[in-house]
Amino acid sequence: MDIVNATGLEVFLDGTPVLRGIDLAVHESETVALLGGNGSGKTTTLRAVLGLVPRQAGDVSLFGTPLDSFHTWARIGYVPQRGAVNVGNATIWELVASGRLPHRRLFRPLTPTDNAAIDDALAMVGLTDLARQPMMHLSGGQRQRALIARALATRPDLIVLDEPLAGLDTASQDELTDVLERLKSAGLAILVVLHELGPFQPMIDRGVVLRQGVVIHDGPLQSADGAPAHEHTHHHDDHPTSGLNAWAAGLAREAGR
Amino acid sequence: MTLADLFSFGFMQRALIAALISGLLCPAVGTYIVQRRLSLLGDGLGHVAIAGVGLAMLTGTAPLPVAIIVCLVGALSIELLRQLGHATADVGLAILFYGGISVGLLLAALAGQGAGTLSQYLFGSLITVTAGDIGLIVALAAVVLVVGIGLSPQLFSVCVDEDYARTQGLPVRLLNLVIVAMAAITVTLSMRTVGLLLVSALMVVPVAAAQNLAGSFRATIGVAMVIGVAVGGGGTLISAAADTPSGPTIVVAAIVVFALAAGGSAVHRRRHPKLVDAAEPAPGRHVVAEVPEQIGAAAVVLHDDHVDYLIGGHRHAPHGDHYDEH
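Residue numbers (this note's numbering), protein chains in the order written: chain A, 831 to 1087; chain G, -12 to 313.
#1: If you follow the alpha helix (DSSP H) that A/N1110 is part of, which residue opens it and which one closes it?
#2: Rank G/T207, G/A96, G/N199, G/A128 by C-alpha distance to the C-alpha of G/G41 and give the top, closest one.
#3: Rounded to whole angstroms, what's the CA-CA distance from G/V53 to G/G135? Just pull it up for me.
#4: Does the beta carbon of A/D844 sit closer than 7 Å to a beta carbon anywhere in chain G?
#5: Measure the beta-carbon distance from A/S870 to A/L1040 and round it to whole angstroms, keeping in mind my assumption that it falls under 8 Å.
#6: Can you tell which of A/D1004, A/R980, A/M831, A/K872 has its C-alpha closest to the C-alpha of A/V841?
#7: Express the C-alpha separation of G/A206 and A/L952 in angstroms, rounding to a whole number.
#8: Are the beta-carbon atoms belonging to G/L32 and G/C13 less than 7 Å from one another?
#9: First and last residue of the beta strand (DSSP E) that includes A/E1026?
#10: If you run the structure through DSSP and keep just helix, strand and coil, what is G/Y19?
#11: Compute the distance between the beta-carbons of G/I88 and G/I37, then report whether it is under 7 Å.
#12: Have a look at G/G39, G/A49, G/G10, G/L28 and flag the residue whose alpha-carbon is nearest the alpha-carbon of G/I65.
#13: Where does A/I922 fall in DSSP's three states?
#14: Closer than 7 Å, CB to CB, is G/V35 near chain A or not?
#15: Counting contacts by CB-CB distance shorter than 7 Å, is A/G867 in contact with chain G?
#16: Helix, strand or coil: which one does DSSP assign to G/I136?
#17: Listing by chain order, which chain A residues have their CB less than 8 Å from the CB of G/V147?
#18: Can you list the beta strand (DSSP E) stretches of 3 or more residues lying completely in the segment 853 to 938 of chain A, in chain order?
#19: By the 9 Å beta-carbon criterion, what residues does the segment 8 to 31 of chain G contribute toward chain A?
#20: Taking the alpha carbon of G/M44 as the reference point, which residue from G/A229, G/V60, G/A102, G/S226 has its own alpha carbon closest?
#21: Among G/M178, G/Q155, G/P158, whose alpha-carbon lies nearest the alpha-carbon of G/P50?
#22: Pairing CB atoms from the segment 831 to 845 of chain A with CB atoms from the segment 884 to 892 of chain A, are three or more of them under 8 Å?
#23: Can you round the beta-carbon distance between A/E1011 and G/S203 to whole angstroms, since I take them to be within the 8 Å contact cut?
#24: Could you compute how far the alpha carbon of A/V955 sits from the alpha carbon of A/G907?
#25: Give me the Cα-Cα distance between G/P140 and A/I1046, rounded to the nearest whole angstrom.
#26: Just confirm the distance between the C-beta atoms of A/P994 and A/V1022, as a whole number of angstroms; I'd bet it's less than 8 Å.
#27: If we count the other Cβ atoms within 10 Å of its Cβ and call it buried at 16 or more, is G/N199 buried or exposed?
#28: When you check each C-beta in the segment 229 to 252 of chain G against every C-beta of chain A, which residues fall closer than 7 Å?
#29: For A/T846, which residues does DSSP report across the bridge?
#30: Under the assumption that A/P986 contacts A/T1007 (Cβ atoms under 8 Å), give the Cβ distance between them as a whole number of angstroms.
#31: Taking Cβ-Cβ distances shorter than 8 Å, what residues in chain G pair up with A/I906?
#32: Out of A/L849, A/G894, A/L1024, A/P939, state which residue places its alpha-carbon closest to the alpha-carbon of A/A855.
#33: I'd like the list of long-range same chain contacts for G/V243, defined as Cβ closer than 6 Å, with 5 residues on each side in sequence excluded.
#34: Going along the segment 133 to 147 of chain G in order, which residues come within less than 9 Å of chain A, judged by CB to CB distance?
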């Protein structure tokens, strides 16, 4: 059973076609990167899969259930772009605790199970010691990890991240990579929107590259059939990171045209 | 006549009760409004309630119930229009502001009343709280408090991040309607004491003051409610003793508390810069090398001229620990 299965996705925003027939699948324990240039439709694809933007055509199913009748949201942990979150002076703990809502009943306090899940989520991203800090005092990297912890607090089977690396310095990107690797080895399926592969690239099982609302590549990133991959595969032996990055950058550049 | 003599009158006791309830209610609801970055919503709703007061004058009915109904209908309509994408929050608020006050003045004029009669509702007037008002105020305030505190986890999630709340399966549209309905009721209940043009201050200023003193969302609600009750009660006493209008007196008292909180917080930060390293348990690199990515909107006024707030922020961790957040 596919965890995510979308076919023929079409989305219009303000009358403009943004997605023009996207197919996307994420299988169990698979890490899939949605790549493409600005305006290629990668974030919109992710939002359409989660039902956050209306689709004009296409089918989406999550865990085998059509999106419109999907209710087991606890199985999904969504990590939005950092700028979309009004943190105010909420603490990390408060933010992460809000991730337990799919499991909580109205007018009921947190249970020991809730608290254990919150603690586990904080530990997974390395923020246990900072849990009482207000979010507004955090760096971008810490804030990103807090948002991931919120998504983990529900104990999801799929985690969906929207440009988690954007605007982070190298050290924070590396820490985030460690976090993602822990999630991957824990068996979570991961769908991540990326502008560039960066340090995530070794853990990506499959890349889906978009250009102007259409999928132009869907497969393992190292076995691309086009010339760009070949050229950069040559460098890959010496500089695995830069080689594949350059390949992805080439695709993204092409996608941006 | 002493203050004690004054409060032997029933109307003054009612005024004090109404002011204390407003002080409790306004910041409780205001915390969500501020977190959602809709600080002016209360002001817009106050204007809609003016239309309700005008309607009550025209029909010769009790102003409070009519104003509550009109304000609720207006608030829910605007929120629905916003949700359906027919109005932005910005334009919606503008329509509330000018439509509400214009209709209120028109209806009052048709009823043979001038702006002078309306002003007791605009700025608060202690002697106008009736026994019937108090019953309604207590009952509705209890409902709003139970919903506002009881649904706090859900409302918090929606205010922090609507999209995320949707992916949790929360009924986001309904919860947004609950928030504006709570705001509409709160605003109207406060019209006798604080006044419809000033009530928004009691929803926002105690919250802004509390954000300087509290280190978490939950503590902010608690501290803001304490400040609200203090300025509501204190302002009413001062108003009675000094024979000043109650609304402006309460709001000035709230602003004084805000200034003290902001000033005290700034001094505290400057005096204890060294605590940073001690308070930072993780590898020092994050604190030394990184700066806050973005200061929260509600605190911008207070903090954006203190670039060193990260440092101050970490020192404030013990403040956060004073409050039991579980």
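Each residue gets a CB set at the ideal place from its N, CA and C atoms; glycine is no exception. All values reported here derive from a predicted model rather than from experimental measurement.
Short version:
#1: In the structure as shown, chain A begins at 831 and stops at 1087. Residue 1110 of chain A is therefore absent and cannot be evaluated.
#2: Position 54 of the second sequence, counted from the start, is the residue given in the question as residue 41 of chain G. G/G41 has its Cα closest to that of G/A96, out of G/T207, G/A96, G/N199, G/A128.
#3: Residue mapping note: residue 53 of chain G aligns to position 66 of the second sequence, counting from 1. Residue mapping note: residue 135 of chain G aligns to position 148 of the second sequence, counting from 1. Straight-line Cα distance between these residues: approximately 23 Å.
#4: Taking the first sequence and counting its residues from 1, one reaches residue 844 of chain A at position 14. No, no contact with chain G.
#5: Residue 870 of chain A sits at position 40 when you count from the first residue of the first sequence. Residue 1040 of chain A sits at position 210 when you count from the first residue of the first sequence. About 4 Å; that satisfies the 8 Å criterion.
#6: Here residue 841 of chain A refers to the residue found at position 11 of the first sequence. The shortest C-alpha separation from A/V841 is found at A/K872.
#7: Locating residue 952 of chain A in the first sequence gives position 122, where the first residue counts as 1. Locating residue 206 of chain G in the second sequence gives position 219, where the first residue counts as 1. Going by the C-alpha atoms only, they are around 21 Å apart.
#8: As a working note, residue 32 of chain G is residue 45 in the second sequence. As a working note, residue 13 of chain G is residue 26 in the second sequence. No; because the gap between Cβ atoms is not below 7 Å, this pair is not in contact.
#9: Here residue 1026 of chain A corresponds to residue number 196 of the first sequence, with the count starting at 1. Taken as a continuous stretch (DSSP letters only), A/E1026 belongs to no beta strand (DSSP E), as it is neither H nor E.
#10: Counting from one through the second sequence, the residue named residue 19 of chain G turns up at place 32. If DSSP states are grouped into helix, strand and coil, G/Y19 belongs with the helices.
#11: Mapped onto the second sequence, residue 88 of chain G falls at position 101. Mapped onto the second sequence, residue 37 of chain G falls at position 50. Against a cut-off of 7 Å, the Cβ pair of G/I37 and G/I88 comes out as a contact.
#12: Walking along the second sequence from the start, residue 65 of chain G turns up at place 78. Ranking G/G39, G/A49, G/G10, G/L28 by Cα distance to G/I65 puts G/L28 first.
#13: The residue given as residue 922 of chain A occupies position 92 in the first sequence. In this structure, A/I922 counts as helix in the three-state DSSP scheme.
#14: Your numbering for residue 35 of chain G matches position 48 in the second sequence. Cβ-Cβ to chain A under 7 Å: no for G/V35.
#15: Sequence index remark: in the first sequence, residue 867 of chain A carries index 37 (1-based). Chain G contact via Cβ: absent.
#16: In the second sequence, residue 136 of chain G corresponds to position 149, counting from 1. If DSSP states are grouped into helix, strand and coil, G/I136 belongs with the helices.
#17: For the purposes of this step, residue 147 of chain G is identified with residue 160 of the second sequence, where counting begins at 1. Result: V915, N916, V917, G918, A920, L925, S928.
#18: 861 to 866, 887 to 892, 906 to 909
#19: T18, V21, Q22, R23, R24
#20: On the second sequence, residue 44 of chain G is found 57 positions in, with the first residue counted as 1. For the residues G/A229, G/V60, G/A102, G/S226, the minimum Cα distance to G/M44 belongs to G/A102.
#21: The count along the second sequence starts at 1 and reaches residue 50 of chain G at position 63. Ranking the options by Cα distance to G/P50, first place goes to G/M178.
#22: yes
#23: Position 181 of the first sequence, counted from the first residue, corresponds to residue 1011 of chain A. Position 216 of the second sequence, counted from the first residue, corresponds to residue 203 of chain G. So it is not a contact: roughly 31 Å between Cβ atoms.
#24: As a position in the first sequence, residue 955 of chain A is number 125, starting the count at 1. As a position in the first sequence, residue 907 of chain A is number 77, starting the count at 1. Near 14 Å, if we compare the C-alpha coordinates of A/G907 and A/V955.
#25: Counting from one through the second sequence, the residue named residue 140 of chain G turns up at place 153. Counting from one through the first sequence, the residue named residue 1046 of chain A turns up at place 216. In a straight line, the C-alpha of G/P140 is about 42 Å away from that of A/I1046.
#26: In the first sequence, residue 994 of chain A corresponds to position 164, counting from 1. In the first sequence, residue 1022 of chain A corresponds to position 192, counting from 1. The Cβ separation is near 7 Å, so the contact holds.
#27: By one-based count along the second sequence, residue 199 of chain G stands at place 212. Classification for G/N199: buried.
#28: none
#29: Within the first sequence, residue 846 of chain A is the residue found at index 16, counting from 1. A/L843.
#30: Within the first sequence, the letter at position 156 stands for residue 986 of chain A. Within the first sequence, the letter at position 177 stands for residue 1007 of chain A. Not really, about 19 Å apart at Cβ, beyond 8 Å.
#31: Counting from 1 along the first sequence, the entry for residue 906 of chain A is found at position 76. Per Cβ cutoff of 8 Å: T154.
#32: Within the first sequence, numbered from 1, the residue matching residue 855 of chain A stands at position 25. Of the candidates A/L849, A/G894, A/L1024, A/P939, the one whose C-alpha sits nearest the C-alpha of A/A855 is A/G894.
#33: As a first step, residue 243 of chain G must be located in the second sequence, where it is residue number 256. Once the five neighbours on either side are set aside, G/V243 has no close Cβ partner at all.
#34: V133, G137, L138, P140, Q141, F143, S144, C146, V147
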